[in-house]
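*Asks:* What follows is a single structure, and I will ask about it in a moment.
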Ligand code: DX5
Ligand code: ZN
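Numbering (the working numbering), first residue to last: 92 to 311.
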């Protein structure tokens with residue numbers, strides 16, 4: 092399908108060969124690189140900071156899609172955008188001044204995304220539609236790659252799609268977690284157009300190119 096955006100999550104890349112793995116994903120035709128930032132507080136895992144975003148910026152010309160799973164993201168959005176982030180997404184959970192943070196992301200020249208965990212209802216973001224460029228519906232609980240797609244997230248994708256039509260808003264819906272050739276079409280049918288995948292790309296048994304191809308051709 093040519094109306095899907097594939098965002099390759101480097102969380103499952105081999106960091107001993109990061110430049111080579113990113114080059115392979117780029118050559119295979121991914122659209123964006125997804126960088127999962129975790130602080131050990133908002134989620135149990137600890138991963139990458141602005142330094143890795145700056146590294147990706149030097150080795151790739153793809154748009155960088157930075158997913159912040161951190162407490163008080165307002166403290167760091169500027170550092171990530173200066174490091175080269177083009178898309179920055181922040182969670183609605185635990186962020187009382189999230190509207191301001193989204194405005195700040197836009198004012199610094201990046202596209203702003205709002206993220207909902209599986210336990211967060213669609214209505215939690217209705218007041219934020221005027222200040223978002225995309226909406227990320229988590230299809231796993233955030234923290235790790237390699238988890239299974241939560242089918243109970245699918246009605247929420249449809250609900251947000253309807254909300255965007257009513258608003259109206261041209262924001263795209265992104266999904267993240269357990270996306271593979273079997274689950275991508277389910278999320279697509281519900282209204283998602285941006286698909287994040289780590290395992291299905293970087294751990295595909297036939298290699299990165301085969302992984303990207305299987306996702307790109309998943310929607311018939
Ligand atoms: C999970 C991260 C995801 C993760 C996806 O907290 O936000 O981006 O890398 O990994 P897979 O595609 O393996 O579910
Ligand atoms: Zn992510």
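Backbone N, C-alpha and C fix where the C-beta goes; we use that ideal spot for every residue, glycine too.
May I ask you to report which of helix, strand or coil DSSP gives residue 105?
*Replies:* coil
*Asks:* According to DSSP, simplified to helix, strand and coil, what is residue 207?
*Replies:* Assignment of residue 207 by DSSP, reduced to helix, strand and coil, places it in the strand class.
*Asks:* Taking 6 Å as the cut-off, is the C-beta of residue 287 nearer than that to any heavy atom in the ligand DX5?
*Replies:* Between the ligand DX5 and the CB of residue 287, the shortest heavy atom gap is smaller than 6 Å.
*Asks:* Which one or two residues does DSSP pair with residue 265 in a beta bridge?
*Replies:* Note: residue 265 sits in a beta bridge opposite 227 and 285.
*Asks:* Quick check: is any heavy atom of the ligand ZN less than 6 Å from the C-beta of residue 130?
*Replies:* No.
*Asks:* Quick one: what's got a C-beta closer than 7 Å to residue 143's C-beta in the same chain, skipping five residues either side?
*Replies:* 126
*Asks:* Is the Cβ-Cβ distance between residue 154 and residue 186 less than 7 Å?
*Replies:* no
*Asks:* DSSP on residue 100, reduced to helix/strand/coil?
*Replies:* strand
*Asks:* Unbroken alpha helix (DSSP H) runs of length 4 or more, entirely within the region 157-227: which are they?
*Replies:* 168-174 and 189-198
*Asks:* Closer than 6 Å to a non-hydrogen atom of the ligand ZN - does that hold for the CB of residue 158?
*Replies:* Answer for residue 158: yes, Cβ within range of the ligand ZN.
*Asks:* Using the C-alpha atoms, what's the distance from residue 263 back to residue 139?
*Replies:* Cα atoms of residue 139 and residue 263: separation of roughly 25 Å, rounded to the nearest angstrom.
*Asks:* With a threshold of 7 Å on Cβ separation, who are the neighbours of residue 232 within its own chain once the five nearest residues in sequence on each side are excluded?
*Replies:* 208 and 209
*Asks:* If you measure between the beta carbons of residue 223 and residue 203, is that distance less than 7 Å?
*Replies:* yes
*Asks:* Where DSSP assigns a beta bridge to residue 258, which residues make up the other side?
*Replies:* In DSSP, residue 258 forms no bridge with anything.
*Asks:* Looking only at C-alpha atoms, which of 213, 195 and 267 sits nearest to residue 291?
*Replies:* 267
*Asks:* Could you tell me the distance, in whole angstroms, from the CA atom of residue 302 to the CA atom of residue 169?
*Replies:* Computed Cα separation, rounded: 33 Å.
*Asks:* Take residue 156 and list the residues in its own chain whose beta-carbon comes closer than 6 Å to its own, dropping the five residues that flank it on each side.
*Replies:* 98, 123, 125 and 178
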